[in-house]
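First up is the structure itself, then whatever we jot down about it.
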Amino acid sequence: MIRDENEPIVKTRRLLSMLLAMFPWFSAWAGSKPPKPPLILPFAVHKAGTVVTTELRITEHRVYWFDLRLGFKEHDHEDRNRVKKLAGSGGRDKFGKPLDYGLSIPVRLNISAIDSSGERIIYNKEVRKEEMAGYGANLYSKRIDRVELRPGLYRVTIKSLQDIPELAETPVSLGIGYRPLTTPID
1 MIRDENEPIV KTRRLLSMLL AMFPWFSAWA GSKPPKPPLI LPFAVHKAGT
51 VVTTELRITE HRVYWFDLRL GFKEHDHEDR NRVKKLAGSG GRDKFGKPLD
101 YGLSIPVRLN ISAIDSSGER IIYNKEVRKE EMAGYGANLY SKRIDRVELR
151 PGLYRVTIKS LQDIPELAET PVSLGIGYRP LTTPID
């Protein structure tokens, strides 16, 4: 049997061509990982029964916050004041209780851990009073809750529990995040 001197080069070229042809697939597979916080998801909370679900990849053991972000029109003071009333004041009395919760936005937040044994609920709570947690250039945030999460994969589901006509013209989103200047728990 006679061996061609170029055979290893031809095999290497074929292998390289196959890998290059597969490269877009590798990129697509790598890009399909669930997102990690911070994450913002649009949420039509004004309509009862609206559900938003996402998988979430947690890489650091931290306390994560789940907020409703109420948007207002930029440079529109009237709209800003309207949304501010809906969000509440953020002020507290001498005992630390919020003075003004603003508009109640009833939601059910469910968080499930996903692992090789399946999916298990680790948090399931109906929230009817959210306090104002902060504001930005074009939004006010109302805190649903803070939840300690360890590294892993999670499914987050939030459901609007009643019609809220006051929010029909207000862009609302679910914000999932953490304090970036803090260190992880462990």
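Using full-length UniProt numbering, the first residue of the sequence shown is number 1, and each one after it goes up by one. The beta-carbon is built from N, C-alpha and C at its ideal position, and this holds for glycine as well. Note that the structure is predicted; figures quoted are calculated from it, not measured.
Counting along the chain, the unbroken beta strand (DSSP E) around Glu-126 starts and ends at 118-127. Each residue's CA atom was taken as its position, placing Ile-121 and Ser-104 some 25 Å apart.
Counting along the chain, no alpha helix (DSSP H) covers Ala-113; the unbroken beta strand (DSSP E) around it starts and ends at 107-115. Residue burial is scored here from C-beta neighbours: Ala-168 has fewer than 16 other C-beta atoms within 10 angstroms and is therefore classed as exposed. Closest in C-alpha terms to Tyr-140, from the list Pro-184, Pro-151, Gly-71, comes Gly-71.
DSSP places Ala-133 inside the beta strand (DSSP E), whose first and last residues are 131-135. Its chain contains no residue whose beta carbon lies nearer than 6 Å to that of Arg-179 once the 5 sequence neighbours on both sides are disregarded. For a cut-off of 8 Å, the C-beta gap from His-61 to Ile-185 is around 4 Å, short enough to register as a contact.
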